[in-house]
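Every number in my numbering is 12 more than the matching position in the sequence shown, counting from 1.
C-beta: ideal position from N, C-alpha, C; glycine also.
Scroll down for the structure; my scribbles are underneath it.
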Amino acid sequence: MSDHQQLLGAWRLVTWEERTDRGLGYPLGPDAIGQISYDASGRMSAQLARPGQARFISEDWREAASQERSMAWVNYFGYFGTYSVDEENKAVIHRIEGSWFPNLVGTEQIRYYRFEEKQLVLEAKTPWGDVRIVWEKD
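Here you go:
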């Protein structure tokens, strides 16, 4: 089975770690939740969140107070777009079409991958640190 075929499907977040000059950190906490999906047509999406967030007062997200919006934004990370796999270099390239963080739109995010049993490990050097994200299929 090719690496591309192994990537296909939905993966559940195990851990998202970030190394900076300040040490090891967890952007959404050590118990963050999330999912990344790759489909056969070349589409992908990644959604990560801090669990246990407070509910908004209103059920209409457009009526959220400024503080509610701020907290929701810092407790979430997500984007979607297309992807391709460079099996020779063990890299998956995410081409971002939409994101909660507008600066990612139109960029290519390169993630170096490896498979460890039922897990997918993605690593990258980013402007905010060295990232290691582990995903698992059930």
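What is the residue span of the alpha helix (DSSP H) that residue i lies within?
| i | result |
| --- | --- |
| M83 | S78 to V86 |
In three-state DSSP terms, what is residue i?
| i | result |
| --- | --- |
| M121 | The question names Met, yet the displayed sequence has Gln at residue 121. In this structure, Q121 counts as strand in the three-state DSSP scheme. |
| D191 | Absent from the model: residue 191. The displayed extent of the chain is 13 to 150, so no value can be given. |
| L20 | coil |
| D142 | strand |
| L116 | helix |
List the DSSP bridge partners of residue i.
| i | result |
| --- | --- |
| V104 | V97 and R123 |
| F92 | S57 and G110 |
| G35 | T32 |
Exposed or buried, residue i, counting other C-beta atoms within 10 Å across all chains shown (16 or more means buried)?
| i | result |
| --- | --- |
| V117 | exposed |
| V97 | buried |
| S69 | The residue you asked about is not Ser; residue 69 is Ile in the sequence shown. I69 is exposed by the Cβ-count criterion. |
Can you give me the start and stop residues for the beta strand (DSSP E) that residue i sits inside?
| i | result |
| --- | --- |
| G64 | Taken as a continuous stretch (DSSP letters only), G64 belongs to no beta strand (DSSP E), as it is neither H nor E. |
| G46 | I45 to Y50 |
Quick check: does the Cβ of residue i come within less than 6 Å of any heavy atom belonging to the ligand GDP?
| i | result |
| --- | --- |
| E99 | Ligands in the displayed structure: none, and consequently the ligand GDP is not present. |
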